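*Asks:*
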Amino acid sequence: MSNQFDIDNVSKLASIELEETEKNKLSQDLSIILEHVQAISNLEFDISVDEVFIHPLEKQLNLQEDVVEEFLTHEEALSNAPESKDGKFIVPPSME
Amino acid sequence: MQYNPTIGIETHVELKTNSKMFCRCKVVDTEEPNVSLCPTCLGLPGALPVPNKKAIEFITLLALSTNCKITKQGMFHRKNYFYPDLPKNYQISQFDLPVGINGSLKIVLNDQEAEVAIERVHMEEDTGKSTHMGTGRIDSATSTALDFNRSGVPLVEIVTKPVLKTSLEAVAYIEELRQLVLDLGISEGKLEKGNLRFDANISVANSESDVLGTKVEIKNMNSLRSLERAIDYEIERQIKALNNGEIIAQETRHWDEGKEVTKPMRSKEGSADYRYFSDPDIPNMVLDEEFVNIIKSKMPKLPYQKRLELMQTGLSIGEANILSKSNDWIVKLFHDVYSTTKNSSSTYNWITGELQGQMRKVEINELPSWFKADSLSEIINLIESNKISFSSGKVILAALLVKNVTPYDVAKEQNLFQENDSEKILQIVKNVITENSEVVVRIKNGEDKLIGFLVGLIIKSSGGSINPSIAKDLLSKELEE
Ligand SMILES: [Zn+2]
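Residue numbers (the working numbering), protein chains in the order written: chain A, -8 to 87; chain B, 464 to 944.
#1: From B/GLY509, B/LYS795 and B/SER499, pick the residue whose C-alpha is nearest to that of B/ASP744; which is it?
#2: Between which two residues does the alpha helix (DSSP H) containing B/GLU632 stretch?
#3: For A/GLN51, return the contacting residues in chain B, with the cut-off set at a CB-CB distance below 9 Å.
#4: Pick from B/VAL825, B/TYR811, B/ARG823 and B/ILE851: whose alpha carbon is nearest that of B/ALA836?
#5: B/ALA951 by DSSP, collapsed to three states: which one?
#6: What are the residues that DSSP puts in a beta bridge with B/ILE617?
#7: Chain B partners of A/PRO73, CB-CB under 8 Å?
#8: Under the criterion of a Cβ to heavy atom distance below 7 Å, does B/CYS531 qualify as lining ligand 1?
#9: Do B/LEU860 and B/ILE906 have their C-beta atoms within less than 8 Å of each other?
#10: So what's A/LYS79 in DSSP terms, helix, strand or just coil?
#11: Between the C-alpha atoms of B/TRP813 and B/LEU640, what's the straight-line distance to the nearest angstrom?
#12: For B/VAL755, which of B/PHE916, B/ALA577, B/ASN543 and B/CYS531 has the nearest alpha-carbon?
#13: Thinking B/LEU627 and B/VAL674 are a contact (beta carbons under 8 Å), I'd like their distance in whole angstroms, please.
#14: How long is the line joining the alpha carbons of B/ARG716 and B/ILE681, rounded to whole angstroms?
#15: Any idea if A/GLU127 is buried or exposed, counting beta-carbon neighbours within 10 angstroms, 16 or more meaning buried?
#16: The alpha helix (DSSP H) spanning A/VAL88 covers which residue range?
#17: Whole-angstrom Cβ separation of B/PRO512 and B/PHE485, contact assumed at under 8 Å?
#18: Do B/VAL622 and B/LEU478 count as a contact pair if the criterion is CB distance below 8 Å?
#19: From the DSSP output, in three-state form, read off B/GLY909 for me.
#20: Where does B/SER666 fall in DSSP's three states?
#21: Measuring CB atoms only, is the region 515 to 529 of chain B touching the region 550 to 567 of chain B, in the sense that at least three cross pairs come out at less than 8 Å?
#22: To the nearest angstrom, how far is the alpha carbon of B/GLY591 from that of B/ASN552?
#23: Less than 8 Å between the beta carbons of B/PRO468 and B/ILE711, yes or no?
#24: Please confirm whether B/MET748 and B/TRP718 have their CB atoms less than 8 Å apart.
#25: In the DSSP output, which residue or residues are listed as bridge partners for B/TRP718?
#26: Between A/LEU69 and B/ASN497, which are expected to be in contact by the criterion C-beta below 8 Å, what is the C-beta distance as a whole number of angstroms?
#27: Compute every distance between the C-beta of B/LEU478 and the non-hydrogen atoms of ligand 1, then say whether any falls below 7 Å.
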């Protein structure tokens, strides 16, 4: 795997604007991280084991009963919004 | 050149739970914005999502009923993208370990049973609703308004393999899927309310090629009619483009309902890379045999099973399909009436035609409480045994819809029983012939259409009580003499 990756694409996907110097620094840092991760590919696995480890938590999921509870009032929900109108959150324009 | 279209359908089904998918906020159906919210469905920091047991039961029902293999070790993933209707900037969804894979759904197409291969059935959460405010044009919106009531409502995505060939097949598939979720009791299934939403992936390929063409995704089809039209339009557009030597761009297009065309959509920022990773907040979801067996024991009768039962009465697959997609009371009424008439064809015609037509006329959506299946059976039996005419049957049915009476009482009161006694009818026929000798002469001179006029007179002079076919036979015989 190449350690060269498209920092521009990464910053675009993360919606984070980067200065040229930041791009250089992050490219180097992320390359080092990727190198560490690369080590996993070189490991040999015993694929005969029954349970494959697929999740960081070993805990089994408890599902919740479908019972309604009250949480925030309309006013509480909107209280942190920088802008609201007619009961709706207002954000900068976005379009599909 | 010959081109073959290939269509795959992605359907989102909103589940009918009381509370949301990962929090216990109420699922609401209201225009009042932002009234059912909590830190989890608002994406506030520190909130912990916990999946809804009912929703997991519902999706397992759906996956089992579409013959999917259930993934024992299921997992939730984060699907990352930046769009304001998702306040967390990711949607909790499933990626490589969905609830169900590799299933199939039996549909009815052109009066034949067909099967649609299902790729996957997975669980996710719905987004909030955004409205673009400004000058009206989406491109020049000045701000976006958000209502998060729908944020976090349980949503199931069902993806077919790219196996459909025509728009009609796609429509038949959605009709079947809609009936399935209704019969399973897991969704309201209302297209107009967005309980069921679908996108189509369409490609066309040279018929001599083994490789599929470039896939174009079509969004914003809100009805079965727009699904059919959008697919037809898009297939034609792609074939035209290929014939002109153009290259089909892999893109998402939007169906413009008014202009009836598909148009390229401005793509969501970075939508090409969702950077899926397992949601560290939600442990693995184990759907073991015990759980699956409990769900299996709750499986109701499925639409294709209802169809089979109906076909056993002698109905065609097309008729059985129409009935199986009707309200429950209509299916039950059919079986009840059929059990005494043993005539599936006339029972079907009376229920789907005359009964529903008359109900529309008097503007009722359900049968009056006094209306019994036996009454409809009696009407059909009276007609079949020639005791009343077909049109008298309609009169009786109309009476039954507005007052609590029996078919026999209505027939008696309105003098609808037919005279089947040939001797009595012959007497009336002879009288009419004598009274209309001029008409008889004209008929003998070749004016055949006047026979109907005489039949009318015969029925009229009997007070409408004569079996018209007997009257016509006797009249013809008399005229020949
Ligand atoms: Zn909530």
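Virtual Cβ for every residue (Gly too), placed ideally from N, Cα, C. Quantities reported herein were computed from a predicted structural model and do not represent experimental measurements.
*Replies:* Here's the rundown:
#1: B/GLY509
#2: 630 to 647
#3: PRO746, ASN747, MET748 and VAL749
#4: B/TYR811
#5: Residue coverage of chain B in this structure runs from 464 to 944, which leaves residue 951 of chain B outside it and unanswerable.
#6: This sequence places Pro at residue 617 of chain B; Ile is not what is there. Answer by DSSP bridge pairing, in chain order: B/GLU588.
#7: By Cβ distance, chain B contributes nothing, its closest Cβ being about 11 Å from A/PRO73, past 8 Å.
#8: no
#9: no
#10: In the structure shown, A/LYS79 sits in a strand (DSSP, three-state: E or B).
#11: 27 Å
#12: B/CYS531
#13: With 8 Å as the limit, B/LEU627 and B/VAL674 do not qualify as a contact, their Cβ atoms being about 18 Å apart.
#14: 5 Å
#15: Given that chain A is displayed from residue -8 to residue 87, the structure contains no residue 127 of chain A and the question cannot be resolved.
#16: The requested residue 88 of chain A is not part of the displayed model; chain A covers only -8 to 87.
#17: 3 Å
#18: no
#19: coil
#20: strand
#21: yes
#22: 12 Å
#23: no
#24: no
#25: B/THR725
#26: 6 Å
#27: A distance criterion of 7 Å places the beta-carbon of B/LEU478 beyond contact range of ligand 1, judged by its closest non-hydrogen atom.
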